[in-house]
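Asks: First the structure, which I've put down as structure tokens, then a few questions once you've had a look.
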Amino acid sequence: MSEALVTAAAKIKEFKKHCMSNGAKHGARAHRWSEECQLLKEEMQHVVQYHNYQAEWWLGLIGRKPASSDEYRGGMAA
């Protein structure tokens, strides 16, 4: 084989190796992003659940303490 063919074959082999390596990196990166998206959805559900809990807690406080003034009653009913 001529030297040019050997060099070309080596370059092709190196290029294929590079492409496979990059493909593996991109696949791993895509997998990490899909995991992050799933975690973000779960975190958003927890935030909504927490705020619903807090809303119920605050609503449960209405009427528990006797209001001493009209301003205080207005603030508790807001």
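The sequence shown runs 238 to 315 under the working numbering.
Think of the CB as a built atom: it goes at the ideal place given N, C-alpha and C, for glycine as much as any other residue.
In angstroms, rounded to a whole number, what distance separates the CA positions of Gly264 and Ala292?
Replies: One C-alpha to the other measures close to 42 Å.
Asks: Is the beta carbon of Leu298 closer than 9 Å to that of Met281?
Replies: Between Met281 and Leu298, the gap from beta carbon to beta carbon reaches 9 Å or more.
Asks: With DSSP run on the structure shown, which of helix, strand or coil describes Gly311?
Replies: helix
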